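>
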Amino acid sequence: MANKTSAPPPPAKMPPAKAKKPPLPVPPKVAAPPPAAKRVAKTFTVQDWDGDIEGHKIILHGKYGMGKTNLAALAPTPVFIGGLDAGGSKIKHPVTGENLKVIPGVESFQDVRDVLHQVEIFDPYETVVIDTGTQLQHLGLLYTFATVRGPKECPKCTNIEQYGWHKGYRHLYDSMHHILGDLDPLVKRGKNVIIVCQSIQTKVSNPGGEDFLRDTPDLQTDPKANVAADYMSWADHIFMIDHHNVSATEGKAVASGGRVIRVHPEIHFEAKSRTIDPEYATVAFEHKADDNIWQILFGGE
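Residue numbering for the sequence shown follows numbering that gives the first Met the number 0, starting at 0 and increasing by one per position.
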């Protein structure tokens, strides 16, 4: 029986040849950036530290009705940043009886920062007055709410505690610290700065005995974000308007010596001066036109 031969298998089909992709365009050659300029260190010298060309940084505090705005108005050619405390609009210059000079329309914390950056507006004046720093801090809190995002559960905070443990107080501290940086260029241009504050009693922790109360400018005193301490460290002078010779009889307090300006500190109130001699522990402020403190500070005595 003849062998049957099997037919050869059909040739395998070859896949169709792929069309060649056109070559990618060659990007144009970009010139290499010039090498970074080598930093040249400053050359420093030694010279006299002449603080007379700079202005004075002053915090003026006291209880309401003690004459803080009147006293600020007696400083050399002052201009007030308006809108922070409308009470100043009702006060005339204690000597001339004229209206105080004011920059109107300052209604927000950012407005304060903006006007402080327009340094030329202050050229005709020797003294810039923020009245009051206490109200400025209220505006600073609103600014913080508007610009600092809160935690995921409360991204838009309306209360400082909503930021979390001490975080809100730190945010407010940071906001308020900007103002000091805004004021420094004015001081370097020779302008005096007065920040008027209300006074408040704060409890002082005393490791060596009982805690006690101290009169301080009414600014935040959170131990981890102390705005009051930041501002008082910045200031050259802290003046406190106070009653003199206060005594208490049968629960009634009487001041027999009128008003004075505390120039140097005691344990129960904040005050200081970097230039006024300690012999001036207090300076008389007997009437609303009494400018003794400015005469002493600016060379009148």
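Even glycine gets a Cβ: it sits at the ideal position worked out from N, Cα and C. Computed from a prediction, not measured in an experiment: that's the story for all the values here.
1) Output the boundary residues of the alpha helix (DSSP H) element that contains L212.
2) For H137, is the classification buried or exposed, using 16 other Cβ atoms within 10 angstroms of its Cβ as the cut-off for buried?
3) With H, G and I counted as helix, E and B as strand and the rest as coil, what does DSSP make of L138?
4) Note down, in chain order, each residue of its chain lying with its Cβ closer than 8 Å to the Cβ of V105, except the 5 sequence neighbours on either side.
5) To the nearest whole angstrom, what separates the beta carbons of E125 and T76, a pair I think is in contact under 8 Å?
6) What are the start and end residues of each continuous beta strand (DSSP E) run of 3 or more residues lying completely inside the segment 33-112, in chain order?
7) Can you list, in chain order, the residues of its chain whose CB lies under 8 Å from that of G66, leaving out five sequence neighbours each side?
8) Mind checking which residues open and close the beta strand (DSSP E) that includes I194?
9) How would you label S198, buried or exposed, when you count the other beta carbons within 10 angstroms and need 16 or more for buried?
10) Between which residues of its own chain and A280 is the CB-CB distance below 7 Å, once the five residues before and five after are set aside?
11) Give me the Cα-Cα distance between H236 and D49, rounded to the nearest whole angstrom.
12) Nearest to I52 by CA position, among P21, E152, N191, is which residue?
13) Using a 10 Å radius around the Cβ and a threshold of 16 neighbouring Cβ atoms, would you call T274 buried or exposed?
14) I want to know whether the segment 205-225 touches the segment 169-185 - three or more CB-CB distances under 8 Å.
15) To the nearest angstrom, report how far apart L135 and K28 are at their CA atoms.
16) Starting from R261, follow the beta strand (DSSP E) in both directions and report where the run begins and ends.
17) Pairs of beta-carbons, one from the segment 175-188 and one from the segment 226-233, closer than 8 Å: are there three or more?
18) With C-beta atoms as the reference, is V147 less than 9 Å away from C153?
19) Compute the Euclidean distance between the alpha carbons of A30 and H116, then round it to the nearest angstrom.
20) Looking at C-alpha atoms only, which residue of K56, D47, A36, R38 is the closest neighbour of F297?
21) According to DSSP, is V253 helix, strand or coil?
22) Which residues in the same chain have their Cβ closer than 7 Å to the Cβ of D290, if we skip the five residues on either side of it in sequence?
23) Alpha carbon to alpha carbon, what distance is there between F108 and G250?
Reading off the structure:
1) Here residue 212 is taken as the residue at index 213 of the sequence shown, counted from 1. That residue, L212, is in no alpha helix (DSSP H); its beta strand (DSSP E) goes 211-216.
2) The residue you call residue 137 lines up with position 138 of the sequence shown. H137 should be labelled exposed.
3) Residue 138 sits at position 139 when you count from the first residue of the sequence shown. Helix at L138.
4) Mapped onto the sequence shown, residue 105 falls at position 106. Answer for V105: I80, G81, G82, L83, V111, V114, listed in chain order.
5) Residue mapping note: residue 125 aligns to position 126 of the sequence shown, counting from 1. Residue mapping note: residue 76 aligns to position 77 of the sequence shown, counting from 1. With a Cβ gap of about 4 Å, E125 and T76 count as contacting.
6) Whole beta strand (DSSP E) segments, 3+ residues: 56-61, 77-80.
7) Looking up residue 66 in the sequence shown gives position 67. Hits under 8 Å: I240, R258, F284, K287.
8) Here residue 194 refers to the residue found at position 195 when the sequence shown is read from its first residue. Per DSSP, I194 belongs to the beta strand (DSSP E) from 191-203.
9) Within the sequence shown, residue 198 is the residue found at index 199, counting from 1. Under this definition S198 is a buried residue.
10) In the sequence shown, counting from the first residue as 1, residue 280 sits at position 281. So the qualifying residues of the chain are V262, H263.
11) Numbered from 1 along the sequence shown, position 237 holds the residue referred to as residue 236. Numbered from 1 along the sequence shown, position 50 holds the residue referred to as residue 49. Cα to Cα, the separation comes out at about 18 Å.
12) On the sequence shown, residue 52 is found 53 positions in, with the first residue counted as 1. With distances taken between Cα atoms, I52 lies closest to N191.
13) In the sequence shown, the residue the question calls residue 274 occupies position 275. Answer is exposed; the Cβ neighbour count stays below 16.
14) yes
15) Numbered from its first residue, the sequence shown carries residue 135 at position 136. Numbered from its first residue, the sequence shown carries residue 28 at position 29. Those two C-alpha atoms are separated by around 57 Å.
16) Within the sequence shown, numbered from 1, the residue matching residue 261 stands at position 262. R261 -> beta strand (DSSP E) spans 258-261.
17) yes
18) Taking the sequence shown and counting its residues from 1, one reaches residue 147 at position 148. Taking the sequence shown and counting its residues from 1, one reaches residue 153 at position 154. Taking 9 Å as the Cβ cut-off, V147 and C153 do not qualify as a contacting pair.
19) Mapped onto the sequence shown, residue 30 falls at position 31. Mapped onto the sequence shown, residue 116 falls at position 117. In a straight line, the C-alpha of A30 is about 41 Å away from that of H116.
20) Stepping through the sequence shown from its first residue, residue 297 is reached at position 298. Looking at the Cα atoms, K56 is the closest of the given residues.
21) Taking the sequence shown and counting its residues from 1, one reaches residue 253 at position 254. With a pLDDT of only 47 at V253, under the threshold of 50, the placement of this residue in the model should not be trusted; the figure read from the coordinates follows. DSSP places V253 in strand when its eight states are reduced to three.
22) Within the sequence shown, the letter at position 291 stands for residue 290. Here the set comprises L73.
23) The residue you call residue 250 lines up with position 251 of the sequence shown. The residue you call residue 108 lines up with position 109 of the sequence shown. Caution is warranted here: a pLDDT of 48 is assigned to G250, below 50, making its placement in the model unreliable, and the coordinate value is therefore given only provisionally. The straight-line gap separating the alpha-carbon atoms of G250 and F108 is approximately 42 Å.
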